[in-house]
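Take the sequence shown: its letter number 347 is residue 391 in the working numbering, and every next letter is one higher. Backbone N, C-alpha and C define an ideal beta-carbon position, used for all residues, glycine too. Just below is one structure, and these are the notes that go with it.
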Amino acid sequence: MKAAVWHARKDVRIEEIAEPSSPEPGWVKIEVAAVGLCGTDLHEYAHGPIFTCVDQPHPLTGHQGPVVMGHEFSGKVVELGEGVDNVTLGDRVASMGGMCCGECHYCQQGLLHLCLKGAMFGFHINGAFTRYINVPATVLFPLPNSVTDVVGAMVEPYAVGLHAVRQAMVRQGDTVVVLGAGPIGLTVLQSALAEGADKVFVLELSTHRQELAMQLGAAAVIDPGEVDPVEEIKRLTDGLGADVAIECIGHKDTAPLAVSLIKKAGCVVLAGMFTDASTINFLDVAVEEKRIVGSFGYLMEFPEMIQMFSEGKIDPKPLHSKTIALDDLVTEGFEALLSKDNTNIKIIIEL
């Protein structure tokens with residue numbers, strides 16, 4: 045079967061691989077329908093190896109070296125391993141983006157996303173940019189008829205956004221600032237509104253993304269290249285600052301900026317993936333009782349997001365930029381996203 049295999053930086057090949065064998069006990073074989081192209085995939089393509097295990101096998105999966113990419117996906121159950129009872133043959137499902145050991149301290153505490161041996165599909169074990177994939181049954185959730193395969197492939201990034209909002213404990217009537225209107229920033233915007241935020245302001249440089257943020261319900265979009273974002277947020281909040289700021293960029297300068305945007309006793313959530321250290325004035329954090337909280341992945345936000353899609357509480361379709369074939373993943377997917385003229389938000393690959 046055809047698959048998109050990561051071999052090295054800027055070296056993803058469409059090649060033939062063997063179909064997975066029958067699933068082991070507790071596992072399921074999925075016929076993949078749709079897969080989202082994630083920013084994490086893009087970073088691995090352009091700058092990897094970042095997550096891919098090149099020097100030694102992954103401690104949970106044992107995988108090392110070239111790997112089939114893709115972790116945001118939906119599909120159909122085509123074969124069951126022994127003991128599986130949460131899905132049945134023929135079910136349409138969405139899959140979480142990774143798996144856990146189920147045994148470590150964090151798994152035993154229910155914090156499965158913080159597993160000491162956690163493995164991501166497409167990096168630590170073969171992923172979904174192919175026709176068939178075997179995964180643990182525990183990562184699968186049935187899709188109602190009202191949720192299409194393409195929308196099912198978007199549950200994963202939206203669950204990330206909802207988890208970030210939950211980490212901030214956004215309450216009814218809160219004012220929220222979202223830093224960055226990329227895929228995760230836009231899911232945070234929609235999730236914050238769904239959770240009861242009164243106003244959500246978005247900081248973004250791109251004109252296209254500014255327009256999309258307004259379309260999705262932002263109260264205002266602030267271009268930090270045109271105005272001082274701290275002064276503008278103060279102006280919009282009667283001089284106080286926002287209740288919550290959620291950083292979705294992962295730049296060393298935007299973390300301290302987020303701290304400056306919130307009021308006393310406010311909360312900053314760091315949802316971006318940082319590569320460089322930041323400098324933050326912790327005296328201000330201490331004396332103003334500000335909170336800084338991390339956000340990574342999701343827990344039960346995943347099945348909750350399926351329900352929210354089904355009930356129409358959140359519409360993910362505006363983020364779906366285009367659908368491409370697997371053969372075009374490199375040229376129309378990765379390279380398109382790296383282009384300086386890129387306006388894509390979420391690219392979906394249909395198998």
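Practice item. Taking all protein chains shown into account, decide if A52 is buried (16 or more other Cβ within 10 angstroms of its Cβ) or exposed. Key: As a first step, residue 52 is located in the sequence shown; it is residue number 8 there, counting from the start. Exposed, by the Cβ-count rule.
Point to revise | For A138: DSSP bridge partner residues | key: As a working mapping, residue 138 is identified with position 94 in the sequence shown. In DSSP, A138 forms a bridge with S118, F185.
Check your understanding: By DSSP, does V128 sit in helix, in strand, or in coil?
Key -> By one-based count along the sequence shown, residue 128 stands at place 84. V128: coil per DSSP, three-state reduction.
Review point. Which class does E332 belong to by DSSP, given the choice of helix, strand or coil?
Key: Locating residue 332 in the sequence shown gives position 288, where the first residue counts as 1. In the structure shown, E332 sits in coil (DSSP, three-state: anything other than H, G, I, E or B).
Practice item. Pick helix, strand or coil for F378, following the three-state DSSP scheme. Key: Translated into positions along the sequence shown, residue 378 becomes position 334. F378: helix per DSSP, three-state reduction.
Practice item. Check whether the stretch 156–173 touches the stretch 71–89, counting contact only when three or more Cβ pairs, one atom from each stretch, lie closer than 8 Å. Key: Touching, yes, given that three or more Cβ pairs across the two stretches are closer than 8 Å.
Practice item. Report the rounded CA-to-CA distance for T319 versus L124, giving the unit in angstroms. Key: Taking the sequence shown and counting its residues from 1, one reaches residue 319 at position 275. Taking the sequence shown and counting its residues from 1, one reaches residue 124 at position 80. Cα to Cα, T319 sits roughly 40 Å from L124.
Point to revise | Proximity of L33 and L230 at Cβ, strictly below 8 Å | key: An answer regarding residue 33 cannot be provided, because it is not within the stretch 45 to 395 covered by the chain.
Check your understanding: How many Å lie between L155 and L343 at the Cα?
Key -> Locating residue 155 in the sequence shown gives position 111, where the first residue counts as 1. Locating residue 343 in the sequence shown gives position 299, where the first residue counts as 1. Rounded to the nearest angstrom, the two C-alpha atoms are 8 Å apart.
Review point. Enumerated in chain order, which unbroken segments of the beta strand (DSSP E) with a length of 3 residues or greater are wholly contained in the stretch 288–364?
Key: Inside the stretch 288–364, DSSP marks whole beta strand (DSSP E) runs of 3 or more residues at positions 306–314, 335–338, from first to last along the chain.
Check your understanding: Quick one: what does DSSP say R175 is sitting in, helix, strand or coil?
Key -> Here residue 175 is taken as the residue at index 131 of the sequence shown, counted from 1. If DSSP states are grouped into helix, strand and coil, R175 belongs with coil.
Exercise for review: Spatial neighbours of S118 within its chain, please: CB distance less than 6 Å, with the 5 preceding and 5 following residues excluded, ordered by chain position.
Suggested key: Counting from one through the sequence shown, the residue named residue 118 turns up at place 74. Excluding residues within five positions, the ones whose Cβ falls inside 6 Å are A77, A78, A138, D193, G196, A197.
Exercise for review: Look at the alpha carbon of I306 and the alpha carbon of V265, and state the distance between them as a whole number of angstroms.
Suggested key: For the purposes of this step, residue 306 is taken as residue 262 along the sequence shown, with counting starting at 1. For the purposes of this step, residue 265 is taken as residue 221 along the sequence shown, with counting starting at 1. Taking the straight line from one Cα to the other gives about 16 Å.
Check your understanding: Are the stretch 173–186 and the stretch 217–224 touching by the rule of at least three beta carbon pairs closer than 8 Å?
Key -> no
Practice item. Mind the definition here: the stretch 237–248 touches the stretch 372–386 only if three or more C-beta pairs lie below 8 Å; say whether that holds. Key: no
**Study point:** Beta-carbon spacing of N178, W71 below 8 Å
**Key:** By one-based count along the sequence shown, residue 178 stands at place 134. By one-based count along the sequence shown, residue 71 stands at place 27. Contact flag set, yes.
Check your understanding: What are the boundary residues of the beta strand (DSSP E) that E75 is part of?
Key -> The residue given as residue 75 occupies position 31 in the sequence shown. Residues 71–81.
**Study point:** Beta-carbon contacts of G114 that lie in its chain and below 6 Å, excluding the five residues immediately before and after
**Key:** For the purposes of this step, residue 114 is taken as residue 70 along the sequence shown, with counting starting at 1. So the qualifying residues of the chain are V79, G166, G171, A172, F173.
Check your understanding: Considering only the beta carbon of each residue, do V313 and V337 sit closer than 8 Å?
Key -> In the sequence shown, residue 313 corresponds to position 269, counting from 1. In the sequence shown, residue 337 corresponds to position 293, counting from 1. Contact: yes.
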